[in-house]
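Residue numbers (the working numbering), protein chains in the order written: chain A, 62 to 1191; chain B, 33 to 519.
This is the structure we're talking about:
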């Protein structure tokens, strides 16, 4: 009989990895095991097989296997064909090899046998070669045939007992099945178990490594997790998913930017990019925001123009790996210090015919948090409501009127009488339901020589702001091929066209479409302002300040258009010079052309003849990389070395066009401007690098990697522009060394040390230069700005040298109970030294900023990941994962003699962002109301107002504590994903509330409305102070509150139900000629509910992806979105 | 691998060496443009019903920080530009005129700044690049004045007609060293007399020295910066442009974005004195399309400064004449013959010169009326008969120094419009014209006239030690603290 005798640990099939020691082989032949091993190294993949399966099998020509670069699957099928072995792809980089045919095990005998079928849970096809054994230590078992069928003979001893079958297959989770009716056909579904295979992740430079070998924390997110979220900007889909990765989606509408910070802000510089590097298929892409990220105090052109990552189509992504800092990303050198987000795109593979994938989705969005204003006193001033049009216009944004009483002599800004009642739906009435439709179609296929994947995608979005639109078209082509057994190539081309119309501005009131719906008086219906213009097309007055633009005029008459044409091209050639020595060269270019025009129309109250702002820019990021790698395994000792050189050249060329006054009214052309200026702007940087690394492993339980890199930076002083820095990391798999309880599947210690340098964030910061100032008369000249584009005179630094950031990290990882429970705990300490900060300085120095090369900032923290499968039964499973990270950020020192530097301010300097020694970086700074020792308010007896303190530190702008909690429930073909995330410990300064206080909208302005506000306190001399602010003076009194920042500061902590995805995997079916392989329909909701917040607005109401966070600035309200997604494969 | 880095890191749109001429033109533009226009409200020439734009005339507590803008712009603008020029030319004897003219212009810029704020960074200012001085100390105004007067003296004496000049890059005198000398001594007269309240002897010394050196008296010697009608904004008259763009661009009397109008105090005074300049500076709109301006004497009416909302008759109130005050290619008069004569009148009254006060005063009034023809030859020129009639009606009274001072400095107030910054200094020193402060609800002064304006909040943030030392010496950073010469 061919009944299988299996070891007792049936629940954990023995796996043998192809990195086991090679066998001695005759010269002309190589062992199959060695050939498979070679494939594994060549492709950085993991291949599992049952122990002994490949033994005593040899392939004829050593050169034929393993050294080709195209199609791992073609190779495998070639190799395995002769041995009647088969393979299956489990994940992008994990394969299993199994016997193609299961042997029927003895003659079936009715009543004595249990028959059934074992199928893959994901597609229902039969699993050949799965093991089916009888539970109970009887050593009775069989394996399935080519179609997954089995027929197990039950020994007589068990004839009368109830029996349980244990079904297992490499790479899949073992299932148990209780047989109640032995005559019925049993069906067993096996689900993938990726952990059982030993997780493989992509690391720096696209090198795949076993996760167990890494001495640093790394997290992978699968593409489907990102596509299901249906976030336009794929970076936002990372929210809450990875410990230590702090993602802030912006509320700037479709096409907006994202802000991702990993392990805290590493640089104190306002202009430095504290965000991670984005790498697509091994090569960096540009993530800049054209023009500049919006500021907290800008006007009409202060819009978020979208970042680079926003143009990546999530449907093209196979997986994303997050390298959290220098320890993981040292090979990326200066740009890896803030972490790297590695994006691997989908590729084609050899197959019969053309594979077609189609994905379509439709999402709707609406405002997440509506304001909670006071509705007791309505429009007016001094306690009096308007009863004439003039009074209505004077008080259009003042809710300082009389008690809301429903009286009918109230006149609105439309000149009509209305009942004097609260209008609570202004936001709902003003904004619309946003709508985004996405369609992606992808074709893939290939032969053994060449494979391809080509996708076309269209994303069309209408934001909640009426009239705003965003469209993104993406074409993505991935080709890979083998030119001969040693020479292979891979090429990627992506072309994007992004267009947007009327992106909303924020910051100040001018041209801000969000101003009127929020600030309009609480008894006025915002629709009375519609359409915002008169018969001539000029803005209609709705309030006393022309600068506070009528929102409908912005919607209907302002014109903001931008178009980005982006091309990302990559090509790489790989050549195996000698066995185990591979040379690889890669070039990539990310280039975009950008056109932006913002027209302030004729008739705008604050700019009657109109204004024009245009940006024409092209940005190129060019990278060349050459590497040589060599692998060797000698007995128990394996090593590989890598050496390489890299050149990065980035260039920006920009023309900034501004003008005032359209000569022919209402005709909007740059050529029609009474006064216009075009300024050329350039930024060029280059970094040349040489690097090397060596990996060692001993018996696959001790791993060590050492690496070094030297960078030469063009942006630094020629005397000080070369920098070498080392790194090392090690991993010890304790569970393979020590005898641990059976419940422990993996226990690993890890540790890493890395230094990463950095050049100056901006070019031209070394030598002071002089620039011409546009003039129609005599030539004019002044000091050039030291930051391209800022236009503000700044001091350069002739000795500018590199920044050095040093990270140490250590941790422990474990997997238990048959991988049902796992944890990962990491501690890190990152110190950035000699940070280059373009610091704001007192203008009395003659300059507004200076490049200092002296900052020290520390980030240290812990990251915790706990995941598990609490429930797993036949048709139902629950997977859960919790991550938490705490980052302690502290400014240790600034330049000598400087203890505080200012980086940004709101309108009116009401809120500031400073770096202060001893506080966290980018601290919120402002004033408080002065109190005496007894807590009495100190008043200025002359003015009658409370005295403001000097500027004080008010709180952190970045949350130190972040967490995410994800739950996946599966029942048969249904699945439900719930993701909660939270941030804690930061503050938010609200510019909206400054205005809402000044304008009498907040409930806090109700005190004193009836009969005046009694003030008691002390004078500056300590005497008693009393006065009553009359109702007529309330507005002036509350207006002055803007000088006390603390009144508008809130705890920014929150917990949100970030994501709910409910999906159904349709059974495969055939419709005439349509061969549908799989279809999934999903319902998705994002930002569904805020479970905890301390603000009356959405605490994530962020407007800029720059370093200045923590300032809410009257931007587009944040939204929740919900939609449906259908994905089919042919 | 770094051989092309130096070239790569050189800004392709900038040069490594400065051209003093180009910076000097820029410094002249910047120096003139950096005037605190809100003082037009404080000196009761204009006002607005709007709280923000009306700060100058209402001194509302919640808007006090808007008074810091001039301080913030001065240093990275004209002052640093002049510092760069001076460093570039100071060691070359051939460029002595460039050095002297830059020094004289720097005195103008610094004096206007210290007059508004009091103690300011001076000796250590604009040394950010050369000395890494990022937190300059504030100097006492007394010391600043001493140095400014010394600078004028030295620079005036160093001018040499045989050496090269800035030439056409000098928008004020096209390099004429004799005129620069007069401008230097005229400033010395202005700054010297500024000291009369605190240091009468010093005032006399400097005034005497200035008069001996020769001050501006001829219309042709008036220090003025010339502008263009179109093109870049920087080439246009900044006072005219800013008024025009912020309030009067609609030219219809009603769509004034910031609610601006002439203040009733100014218009009433001109009407009351039957001043022929009223029709030059002021118009009302009478409707129609295009809207018609009317300069008729009787129709002119200013707006009270105590309004908090747009008045019903707003459209019919007087506002700056688009053909004169708002004329964007008109020159900005930096130092007029009229001012020189009025200062000389005071010096003569004090017995510091041999001049006849009544004659000097009459010359001043006449020059003040004539200077509008420099601003706008077509719409600002008054017939000689009207000028002489007005001069005849307004002769210097013969009795009482205070009465004479009131007469001089009330006329000075009218004559120097729209240079409200100089008017504000003169008012604080002399107490004239006798303006009634505006006691608007929520004002920061308890209804008193402001005596200075506030340092930027950013100084507390960026230069806290120096700031604190200045406050400790000068007094609190509030509107009522008096500067050194106003004690």
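Glycine included, each C-beta is placed from N, C-alpha and C at the ideal position.
(request) Can you grab the Cα-Cα spacing for the pair residue 616(A) / residue 583(A), in whole Å? (result) 21 Å
(request) Pick helix, strand or coil for residue 395(B), following the three-state DSSP scheme. (result) helix
(message) I'd like the list of long-range same chain contacts for residue 108(A), defined as Cβ closer than 6 Å, with 5 residues on each side in sequence excluded.
(response) 79, 97, 101, 156
(request) Select from 1088(A), 1061(A), 1082(A) the residue whose C-alpha is nearest the C-alpha of residue 1074(A). (result) The residue with the shortest Cα to Cα distance from residue 1074(A) is 1088(A).
(request) Using the Cα positions of residue 339(B) and residue 369(B), report the straight-line distance between them to the nearest angstrom. (result) 37 Å
(message) Using beta carbons (cut-off 8 Å, strictly below), is residue 37(B) in contact with chain A?
(response) Answer yes: the Cβ-Cβ gap between residue 37(B) and chain A drops below 8 Å somewhere.
(request) Go ahead and pull the three-state DSSP assignment for residue 708(A). (result) Residue 708(A): strand per DSSP, three-state reduction.
(message) Output needed in chain order: residues of the segment 829-843 of chain A with a Cβ under 9 Å from some Cβ in chain C.
(response) Absent from the structure is chain C; the protein chains it does hold are A and B.
(request) List the endpoints of the continuous beta strand (DSSP E) containing residue 292(B). (result) 292-294
(request) Answer yes or no: does any C-beta atom of chain B fall closer than 8 Å to that of residue 1174(A)? (result) no
(request) For residue 84(B), go through chain A and note every residue whose CB falls closer than 9 Å to its CB, in chain order. (result) 606, 608
(message) Is the beta carbon of residue 977(A) closer than 8 Å to that of residue 1018(A)?
(response) Cβ atoms of residue 1018(A) and residue 977(A): not closer than 8 Å.
(request) Report the neighbours of residue 902(A) on chain B: residues whose CB is nearer than 7 Å to its CB, in chain order. (result) 160, 166, 494
(message) Between the alpha carbons of residue 691(A) and residue 644(A), how many angstroms are there, rounded?
(response) 9 Å
(request) With a cut-off of 8 Å on the beta carbons, I'd call residue 959(A) and residue 975(A) a contact; round off their distance for me. (result) Going by Cβ atoms, the distance from residue 959(A) to residue 975(A) rounds to 11 Å, so no, they are not a contact pair.
(message) List, in chain order, every chain B residue whose beta-carbon is nearer than 8 Å to that of residue 827(A).
(response) Simply 41.
(request) State yes or no: is the C-beta of residue 670(A) within less than 8 Å of the C-beta of residue 735(A)? (result) In this structure, residue 735(A) lies closer than 8 Å to residue 670(A) by Cβ.
(message) At a cut-off of 7 Å, would you count residue 243(B) as near the ligand FMN, judging by its Cβ distance to the nearest heavy atom?
(response) Questions concerning the ligand FMN fall outside what the structure shown contains, since it holds no ligand whatsoever.
(message) Given a cut-off of 8 Å on the beta-carbon distance, is the pair residue 942(A) and residue 356(A) in contact?
(response) It is not a contact, given that the beta carbons lie outside the stated cut-off.
(message) Counting only Cβ-Cβ distances shorter than 7 Å, please list the residues of the segment 797-825 of chain A near chain B, keeping chain order.
(response) Within the segment 797-825 of chain A, the qualifying residues are 824, 825.
(message) Please tell me whether residue 209(B) and residue 193(B) are closer than 8 Å, where the distance is taken between their beta carbons.
(response) yes
(request) Kindly indicate the opening and closing residues of the alpha helix (DSSP H) around residue 613(A). (result) 612-618
(message) Taking the straight line between their C-alpha atoms, what separation do you get for residue 140(A) and residue 543(A)?
(response) 17 Å
(message) Please give me, in chain order, every unbroken run of the alpha helix (DSSP H) with length at least 4 that falls completely inside the segment 309-349 of chain B.
(response) 310-313
(request) Return the CA-CA distance between residue 412(A) and residue 418(A), expressed in angstroms with no decimal places. (result) In this structure, the straight-line span from the alpha carbon of residue 412(A) to that of residue 418(A) is close to 14 Å.
(request) For residue 862(A), I'd like the list of residues in its chain whose CB is within less than 7 Å of its CB, leaving aside the five on either flank, ordered along the chain. (result) 777, 778, 781, 895, 914
(request) Determine the contact status of residue 815(A) and residue 901(A), defining contact as a CB-CB distance below 8 Å. (result) no
(request) For the segment 321-339 of chain B and the segment 257-277 of chain B, state whether three or more C-beta atom pairs, one from each stretch, are separated by less than 8 Å. (result) no
(message) Does chain B have any CB closer than 8 Å to the CB of residue 743(A)?
(response) yes
(message) To the nearest angstrom, how far is the alpha carbon of residue 1137(A) from that of residue 349(A)?
(response) 41 Å
(message) Going by DSSP in three states, residue 260(B) sits in which element: helix, strand or coil?
(response) In this structure, residue 260(B) counts as coil in the three-state DSSP scheme.
(request) Scan the segment 546-586 of chain A and note each continuous beta strand (DSSP E) run of 3 residues or more that stays entirely inside, going in chain order. (result) 548-562
(request) Any chance you could list the alpha helix (DSSP H) runs of at least 4 consecutive residues sitting entirely within the segment 778-831 of chain A, in chain order? (result) 795-798, all fully within the segment 778-831 of chain A.
(request) Can you say whether residue 509(B) is buried or exposed, counting buried as having 16 or more other CB atoms within 10 angstroms of its CB? (result) Burial call: buried.
(message) Measuring straight from C-alpha to C-alpha, what distance separates residue 1171(A) and residue 609(A)?
(response) 23 Å
(message) On the CB-based measure, 16 or more other CB atoms within 10 Å of its CB, does residue 1125(A) come out buried or exposed?
(response) exposed
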